[in-house]
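Chains as they are written, first to last, in my numbering: chain A, 840 to 1275; chain B, 840 to 1275; chain C, 840 to 1275; chain D, 840 to 1275.
Number of protein chains: 4
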Amino acid sequence: MISPKSPGSVGLPNPNAAGLAYRAVRAESEALAAPLTPEDCALQSMPDASPVKWHLAHTTWFFETFVLAELDAHYTSFDPGFRVLFNSYYNSVGEQYPRPARGLLSRPSLGEVLAYRGHVDRAMQAVLAAGLPAESAGIVELGLHHEQQHQELLLTDVKHLFAQNPRLPVYRPTWPLTAVQPAAREWIAYAGGLESFGHRDRAATALELAAFAFDNEGPQHQAFLAPFLLASHPVTNGDFIAFIADGGYRRPDLWLALGWDAVQREGWSAPLYWRQEDKRWQTFTLHGAADLDPHAPVTHVSFFEADAYARWAEARLPTEYEWELAARDLPRAGNFVESGALHPLATRERGMPGLPQQMYGDVWEWTQSAYLPYPGFQPGPGAIGEYNGKFMASQMVLRGGSCVTPQAHIRATYRNFFPLAARWQFSGLRLARDAP
Amino acid sequence: MISPKSPGSVGLPNPNAAGLAYRAVRAESEALAAPLTPEDCALQSMPDASPVKWHLAHTTWFFETFVLAELDAHYTSFDPGFRVLFNSYYNSVGEQYPRPARGLLSRPSLGEVLAYRGHVDRAMQAVLAAGLPAESAGIVELGLHHEQQHQELLLTDVKHLFAQNPRLPVYRPTWPLTAVQPAAREWIAYAGGLESFGHRDRAATALELAAFAFDNEGPQHQAFLAPFLLASHPVTNGDFIAFIADGGYRRPDLWLALGWDAVQREGWSAPLYWRQEDKRWQTFTLHGAADLDPHAPVTHVSFFEADAYARWAEARLPTEYEWELAARDLPRAGNFVESGALHPLATRERGMPGLPQQMYGDVWEWTQSAYLPYPGFQPGPGAIGEYNGKFMASQMVLRGGSCVTPQAHIRATYRNFFPLAARWQFSGLRLARDAP
Amino acid sequence: MISPKSPGSVGLPNPNAAGLAYRAVRAESEALAAPLTPEDCALQSMPDASPVKWHLAHTTWFFETFVLAELDAHYTSFDPGFRVLFNSYYNSVGEQYPRPARGLLSRPSLGEVLAYRGHVDRAMQAVLAAGLPAESAGIVELGLHHEQQHQELLLTDVKHLFAQNPRLPVYRPTWPLTAVQPAAREWIAYAGGLESFGHRDRAATALELAAFAFDNEGPQHQAFLAPFLLASHPVTNGDFIAFIADGGYRRPDLWLALGWDAVQREGWSAPLYWRQEDKRWQTFTLHGAADLDPHAPVTHVSFFEADAYARWAEARLPTEYEWELAARDLPRAGNFVESGALHPLATRERGMPGLPQQMYGDVWEWTQSAYLPYPGFQPGPGAIGEYNGKFMASQMVLRGGSCVTPQAHIRATYRNFFPLAARWQFSGLRLARDAP
Amino acid sequence: MISPKSPGSVGLPNPNAAGLAYRAVRAESEALAAPLTPEDCALQSMPDASPVKWHLAHTTWFFETFVLAELDAHYTSFDPGFRVLFNSYYNSVGEQYPRPARGLLSRPSLGEVLAYRGHVDRAMQAVLAAGLPAESAGIVELGLHHEQQHQELLLTDVKHLFAQNPRLPVYRPTWPLTAVQPAAREWIAYAGGLESFGHRDRAATALELAAFAFDNEGPQHQAFLAPFLLASHPVTNGDFIAFIADGGYRRPDLWLALGWDAVQREGWSAPLYWRQEDKRWQTFTLHGAADLDPHAPVTHVSFFEADAYARWAEARLPTEYEWELAARDLPRAGNFVESGALHPLATRERGMPGLPQQMYGDVWEWTQSAYLPYPGFQPGPGAIGEYNGKFMASQMVLRGGSCVTPQAHIRATYRNFFPLAARWQFSGLRLARDAP
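Encoded structure:
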């Protein structure tokens, strides 16, 4: 992929481009943290979330551990204690500081973490300039995509933290966008059949431009789909308000049993961050509190809520194959982190007739597919093999990226995954139906 | 199906046969409870399990609520309070007595519950003899299969209860079987391809013999399978001992992340009910404590343990489609509840060359398939629609039945399902591999 | 104490009387269990409560372990496994079966437990007839008082179990008593001063009649009391209804901080077992559901509720010394288990002017005294030393006995104790004030 | 009290002195926070602890809410949201931000909190200079003692936070003190008798110098004590190592039942912050990790550990009356926060023969007295009445102050209190015995 003029994208065709891509992704993380105070960066609002400082350090740890320390037995680490402190879940690397306690580390300070980033970046620039063996180059590429994932988490985690604060802090003060009236929703028909899915084998292409994919996206394989219909747009806030008004959160017949348990246990009565004042729905955004735009895609719903909504709407969620079939020939355009909106937006322009809108960006779309290995899936060797495969249990696949995903990070085969009750990601849904 | 000479099977071709089938299934439940004291029948050892008395009452409630009360608006219930007390999870029927508190009901006594069964059975015999409208006949058939499911649970729940008791009570004192040396395990190759799976549409066949299936087994649909290998036998206790000896429960690299969490949290170091004394492995059975037979299929393992074992063995679990493809032409023979063994047994006889052994009976086999709706799945209308569909989240499919399943209850398309950490069912595993 | 014509009382002056006392107390336990089914006797409704069967067995274990096995090295135990199974909390005796799992033991059956009682009773009768060494005689006496404590618990635990059952089972079907209008409440003045409290030294008197006391009642010691007022009667249901009506459960200013936490966490809005239907207050009793008698003492309140009520009434709870000073010259008469009422009753007769009523029986009265060792307290040696002393933390003292206490079991120096949030005992309160 | 040359003490005899005392106490809080980063000040390591920033803000809120807003209906608050945000537990003032979530507030920043302090301090200086009505003067005095309590908590909470960090941050880098060999421990005899305890009535003396006491220290009242012995020194680290070496944490007979539960549940095997490396005991201090001084008083033990140690040593804890009797004529000298040691120290100098050493400072001494109201205790009216009284449940009294208590804050009648399992305060113990 990715000429130097696309600074957000990554790929390692040659030393020059590699260095540029590295610098671009690394700088983006720091730019995302720039509006935050050291205190904002130190706190952890729940075990699922991590402090911003931890994201900045852990992504750096990835390069130090898997590239620098592997390439050079005499590499001097910035701080030997960081090997444990910023290891997320790599048992092969050794012990880990406990995840729910990441918010108890006032030291190292944000300043020290930024110095750590500088130390590792200087060493990385040197090895990138010198040229890398193929294996390490693959790890660098993985590390950059890994960092982009953490950029998204950095924003969703800060949003969750700020939402706990009665002062409702503002991450970005501008709210540049006005509501528009989008096109009406339509059903788009797909014939299905025996098709190929997933990313083609990476082995031959690891250093090709734009060829990157995570191991969980392959191997490419065939699957058979029956004919189906897919909605032209994601479900909107307005749609969801109708669901609520119709007793959606009070009718057990609409919910999976575990979903109904969650409604009762957690007291859900609306998507996360929604609040009704004087009959007006508001939500919390990275720009602070805001009125709900009825035409924008609903977000911060769990799989359980997405599934219940679909049942109420006499539809269903698409499978991940259905979604991929519909998306794979569409341009990867949409409302990504680069737009600066940091919130899903109503469709502004007329799409191509007969093609779905907003498949990429705005909201991750829950599918009805469990996150499981594709046929023939093999995790990579060693620590890198812990990246994706060991999480293939009790999670559902989401597709398409969101308003806080870097544009260059997404593709048609990309499989995101979260537990069925998770709500703090920018997760929404699009309806599907069996063909009549 | 099911001529009168096969008393354990069910099917409702005509009033006579219907009455016979009804009597046979109902009598079997009481026969299973016969060795138990009233105290044995009243206790609940964990929220997942229910008291035997509750199983006896709830299966009766099913016929009273969905057949008798529906057919006759003037039907006099045995006790109006039972409508809430013995409702398991049917929100459409109304409130439910809380599941974890089922063991707090010393009243009604076992005697009263048996009287309740008598009351309902007399009324059922009358309506069966008079002939039923088609819809009710379908419900009766469902009710009998429902009762067979609870017969299996009755035994697994009593086993779990008895295992909590330091006196290790014996459910059935005989242990009729001696260890044998089974055939060596082989890999059997399957070509895969585009195949049909699931039970054909029930709508047309609801009253045909042997046509019964649960709604979650349909609709029949196509899926594409790559070539694969399937093991000729389930994994044995001896195999599992080797896994344990090789540090299987101490190596995080072998486990899914949630599985490793469970190992740590629950302190698992062997399958449920195993105990090592003087380096000899023992297990608890419905016949009391017994030495482990190394050649018998391992059982009482969770999905997480099955998955970890398969990884250690450089194999994987089969998908439910792979299992069904291999099983669908095999005779439904095996070690079922009718054998009286109530425990998995080593293969006694040479199977057909090139065909898998012990696919039916002995142990439910964990698959790597999440329990999700088949394409086009629609739950039935009303309360019956709550039977299966609402549990399609965070569970995995098991196939083939076990040593406590009634033989007539199982079939190639049968989809059992349990959460990934459940161990108290007779659950085991069979290995699969991608074809080379 | 206790001539043979007072069969409920205990004391061991000579072999004959000892045998009579033993038989009387043991028979009473079985009489209390007689109206119950085996299933009633097997269940445990919460970790604080025990199954009736367990009470019957544990009290027997006490004599077997501390008398029979100590006296005769060749004593043949009924079942060696019972040593662990029915050990409550005596670490010195060894391991204990976990308390919250006492309700998981369907075996031994109630019949076996009664046979166990018979086995131990026969052996005990023999040793009692032969005459006992002084030390063992003291243990027998302790064991009988211990059994009386468990008789009370047997009733409160069955009541709690039955209250979980929507059928509201009846322990004793008669409700022999009608409401009466009691005398008005008055304040009775006491001068206080330097007084002696607690039971005089047991060492010299262990075998005297009526001399029994638990170790926690001594040694006798002096304490200084300021002048105080004590209410002539316990707080009634009618009083407590006024507290509720005045928002008593909704006003944090009336509660200790931990008490207010309990109100929120447990959702308390009335005493345990109260239920309001159509604005009429009902409660659950051992006779089944019953209308509240406004003139009867309130019961099933926690220390926190007693304390909050007293604050609302501009009074306070008495200290245990104040209570003892007022009680010590009063006759030990009142509504005890022997009356058969099994529920607190309104005062039926005019008391002596200037003397408090209902100090003994009806309801245990919460005091504002923490359950702590008296000056000079020393627990006994060995296992018996675990009887009382190790519970002297985070509990409050209650005084006076209740409607389910055996009359011979209580005395002015008796110190009962329960955690501050416990409500399932027959606990009530009486107000006190500083003298003006 | 308190001439200008005693800057740490408080008291409000006249406007000038009041202003000085106010400034001195307020400046001390900021001095204690000065070595900390904004991130250090924002974090909360457990629900019992609070962020430093919260301590700084809440003590300010106290003056704003109870003095400034009460005196002047037109007082302009710094931020109206702080009324809820920094209310600790005053239900009378209204809602409170949840205590366990205090560590989720990155905003207001430390800088804003310091600005809040400046705003309130300027307003306070003005009202103090103008002279205060008597009631407000009493509140100011209370507020200053309140702030001193939070100064101590600020240090114990930072210590707890730093101890969670594998980097073991250092609060104060100097460790000025060397180990010394203290005098041998002796028993000091006291005759007991009928004595007066508690602080004399405050009503008449609220504005007298040095007359301050909390409401829970009164009213003064008589109590009778039997003769007793008190140890000349607190129990030392060396003493406690002997207890550990003798199996102290593995012998249930030494523990209260709830204490033994805590040992099992929490896995206690030594005081908090102790760690054994290569058979050498280390502890964590505000100066970082340090070797244990065997002659210094043991600290960071719970009541349960103190009680178990005393039982092992064939002694007991003193009652709070015994402690007060021994302390009341001693000079209030010792190792307080002003020494800068911030850790308990071995006795450096020979004390007066026959008088106990280190009664004040070094470590809070657990007593065997429950924290309960003194006879005649009445909490103050309104919100101030919530200060002490509502916590009189399930806590034990500690006496004497610690190495992080301001010297002017302590006195013989001072009653500190903590739950029985709390260990993060500088809590230790001194032995007592009944006189022979």
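Glycine residues also receive a C-beta, built at the ideal position from the N, C-alpha and C atoms. This structure is a prediction, so every number in the text was calculated from the model and none was measured.
Per DSSP, what kind of secondary structure is H1060(C) in: helix, strand or coil?
-> Taking the first residue of the third sequence as 1, we reach residue 1060(C) at position 221. Reduced to three states, the DSSP call for H1060(C) is strand.
Can P1245(B) and Q990(B) be called in contact, C-beta distance under 8 Å?
-> The count along the second sequence starts at 1 and reaches residue 1245(B) at position 406. The count along the second sequence starts at 1 and reaches residue 990(B) at position 151. Closer than 8 Å, so yes.
Contact check, R941(D) vs Q883(D), beta carbons under 8 Å | The residue you call residue 941(D) lines up with position 102 of the fourth sequence. The residue you call residue 883(D) lines up with position 44 of the fourth sequence. A distance below 8 Å separates the beta carbons of R941(D) and Q883(D).
Skipping 5 residues on each side, what residues in its chain have a beta carbon closer than 7 Å to that of G1033(D)?
-> Position 194 of the fourth sequence, counting from 1, holds the residue named residue 1033(D). The identity of residue 1033(D) in the sequence shown is Leu, whereas the question assumes Gly. For L1033(D), where only same-chain residues beyond five positions count, the Cβ hits under 7 Å are Q1061 and F1063.
Compare the C-beta of L1046(B) with all C-beta atoms of chain A and state if any pair is closer than 8 Å.
-> Within the second sequence, the letter at position 207 stands for residue 1046(B). Annotation note: pLDDT 42 at L1046(B) (below 50); position unreliable, coordinate value reported separately. Closer than 8 Å: no.
Do you know whose CA, among P947(B), R922(B), V952(B) and L944(B), lies nearest Q935(B)'s CA?
-> For this step, residue 935(B) is matched to residue 96 along the second sequence. Nearest of P947(B), R922(B), V952(B) and L944(B) to Q935(B), Cα basis: R922(B).
What are the boundary residues of the alpha helix (DSSP H) that D879(B) is part of?
-> Here residue 879(B) refers to the residue found at position 40 of the second sequence. Per DSSP, D879(B) belongs to the alpha helix (DSSP H) from P877 to A881.
Indicate whether at least one CB of chain B lies closer than 8 Å to the CB of D879(C).
-> Position 40 of the third sequence, counting from 1, holds the residue named residue 879(C). True, the Cβ-Cβ gap to chain B drops below 8 Å.
Using a cut-off of 7 Å between C-beta atoms, extract the partners of L924(A) located in chain D.
-> One-based indexing of the first sequence puts residue 924(A) at position 85. Neighbours of L924(A) on chain D, chain order: P1005.
Beta-carbon contacts of D1085(D) that lie in its chain and below 8 Å, excluding the five residues immediately before and after | Here residue 1085(D) refers to the residue found at position 246 when the fourth sequence is read from its first residue. Same-chain partners within the cutoff: W1151.
Which first and last residues belong to the alpha helix (DSSP H) in which N855(A) is found?
-> Numbered from its first residue, the first sequence carries residue 855(A) at position 16. P854 to A872 is the extent of the alpha helix (DSSP H) around N855(A).
Count the other C-beta atoms from every protein chain shown that fall within 10 angstroms of the C-beta of L1164(A), then say buried if there are 16 or more, exposed otherwise.
-> Within the first sequence, numbered from 1, the residue matching residue 1164(A) stands at position 325. With at least 16 other beta carbons inside 10 angstroms of its own, L1164(A) counts as buried.
Please decide whether Q1279(D) counts as near chain C, where near means a Cβ-Cβ distance under 8 Å.
-> For residue 1279(D) there is no data in the structure shown, the boundaries of chain D being 840 and 1275.
Check distances from the C-beta atoms of the stretch 940 to 969 of chain B to those of chain A and list, in chain order, the residues that come in under 7 Å.
-> Of all residues in the stretch 940 to 969 of chain B, none has a Cβ within less than 7 Å of some Cβ in chain A.
Counting along the chain, where does the beta strand (DSSP E) carrying I1027(B) start and finish?
-> As a working mapping, residue 1027(B) is identified with position 188 in the second sequence. It spans W1026 to Y1029 - the beta strand (DSSP E) in which I1027(B) sits, taken as one unbroken run.
Could you name the residues of chain B that P1183(C) contacts, counting a contact when the two beta carbons are closer than 8 Å?
-> The residue given as residue 1183(C) occupies position 344 in the third sequence. Under the 8 Å cutoff, chain B gives no residues; its nearest Cβ is about 25 Å from P1183(C).
Rounded to the nearest angstrom, how far is the Cβ of Y1010(A) from that of L1125(A), given a contact under 8 Å?
-> Counting from one through the first sequence, the residue named residue 1010(A) turns up at place 171. Counting from one through the first sequence, the residue named residue 1125(A) turns up at place 286. Going by Cβ atoms, the distance from Y1010(A) to L1125(A) rounds to 4 Å, so yes, they are a contact pair.
Pick helix, strand or coil for Q988(C), following the three-state DSSP scheme.
-> Working through the third sequence from its first residue, we reach residue 988(C) at position 149. Here Q988(C) sits in helix by DSSP.
Contact with chain C by N930(D), beta-carbon distance below 8 Å = Taking the fourth sequence and counting its residues from 1, one reaches residue 930(D) at position 91. So, interface residue.
Determine the burial state of K1229(A): buried for a count of at least 16 other Cβ atoms within 10 Å of its Cβ, exposed for fewer.
-> Indexing the first sequence from 1 puts residue 1229(A) at position 390. Buried.
Backbone secondary structure at R1272(D) - three-state DSSP | Here residue 1272(D) corresponds to residue number 433 of the fourth sequence, with the count starting at 1. Looking at R1272(D) - three-state DSSP - the assignment turns out to be strand.
Enumerate in chain order the residues of its own chain whose CB-to-CB distance from W1094(A) is below 7 Å, with the five nearest sequence positions on each side excluded.
-> By 1-based counting over the first sequence, the position of residue 1094(A) is 255. Excluding residues within five positions, the ones whose Cβ falls inside 7 Å are V1102, F1143 and A1147.
Taking 8 Å as the cut-off, decide whether the C-beta atoms of N1004(C) and L1181(B) are in contact.
-> Here residue 1004(C) refers to the residue found at position 165 of the third sequence. Here residue 1181(B) refers to the residue found at position 342 of the second sequence. No, these two residues do not count as a Cβ contact at 8 Å.
Run the proximity test for Y929(C): is its beta-carbon closer than 7 Å to any non-hydrogen atom belonging to the ligand ZN?
-> Ligands in the displayed structure: none, and consequently the ligand ZN is not present.
Which same chain residues, not among the five before or five after D887(C), have their C-beta less than 8 Å away from its C-beta?
-> Looking up residue 887(C) in the third sequence gives position 48. Around D887(C): A1261 and W1263.
Own chain, CB closer than 6 Å to A1042(A), minus 5 neighbours either side, in chain order | Position 203 of the first sequence holds residue 1042(A). The predicted position of A1042(A) is uncertain, since its pLDDT is 44 and thus under 50; a value taken from the coordinates is nonetheless stated next. Here the set comprises nothing.
What number of angstroms, rounded off, separates the C-alpha of H1038(C) from the C-alpha of G1239(C)?
-> The count along the third sequence starts at 1 and reaches residue 1038(C) at position 199. The count along the third sequence starts at 1 and reaches residue 1239(C) at position 400. Taking the straight line joining both Cα atoms gives about 15 Å.
Roughly how many angstroms separate the alpha carbons of P1275(A) and E1025(A), rounded to a whole number?
-> On the first sequence, position 436 is the one that residue 1275(A) refers to. On the first sequence, position 186 is the one that residue 1025(A) refers to. Spanning the two alpha carbons is a distance of roughly 15 Å.
Can you tell me the Cβ-Cβ gap for Y929(D) and A1222(D), rounded? I've got them flagged as a contact below 8 Å.
-> Residue numbering aside, residue 929(D) sits at position 90 when the fourth sequence is read from its first letter. Residue numbering aside, residue 1222(D) sits at position 383 when the fourth sequence is read from its first letter. With a Cβ gap of about 5 Å, Y929(D) and A1222(D) count as contacting.
Let me know the secondary structure DSSP gives D1130(C) once reduced to three states.
-> Within the third sequence, the letter at position 291 stands for residue 1130(C). In the structure shown, D1130(C) adopts extended strand secondary structure according to DSSP, grouped into three states.
Run through DSSP, which three-state label would L1046(C) get?
-> In the third sequence, the residue the question calls residue 1046(C) occupies position 207. Caution is warranted here: a pLDDT of 42 is assigned to L1046(C), below 50, making its placement in the model unreliable, and the coordinate value is therefore given only provisionally. Coil, per DSSP.
Taking 8 Å as the CB-CB limit, is Y1010(A) close to chain D?
-> Working through the first sequence from its first residue, we reach residue 1010(A) at position 171. No, no contact with chain D.
Apply the 10 Å Cβ neighbour rule to T1013(D) and answer buried if 16 or more other Cβ atoms are within range, or exposed otherwise.
-> To locate residue 1013(D), count along the fourth sequence from 1; it is residue 174. So T1013(D) counts as exposed.
Taking a Cβ distance cut-off of 7 Å, strictly less, list which residues of the stretch 872 to 900 of chain D are near chain A, in chain order.
-> T876, P877, E878, D879, A881, L882 and S884
Where does the unbroken beta strand (DSSP E) through F1216(A) begin, and where does it stop?
-> For the purposes of this step, residue 1216(A) is taken as the residue at position 377 of the first sequence. No beta strand (DSSP E) contains F1216(A), which DSSP labels as neither H nor E.
Could you tell me whether any Cβ in chain B is nearer than 8 Å to the Cβ of S1233(A)?
-> Counted from its first residue, the first sequence places residue 1233(A) at position 394. For S1233(A), the answer is yes, since a Cβ of chain B falls inside 8 Å of its Cβ.
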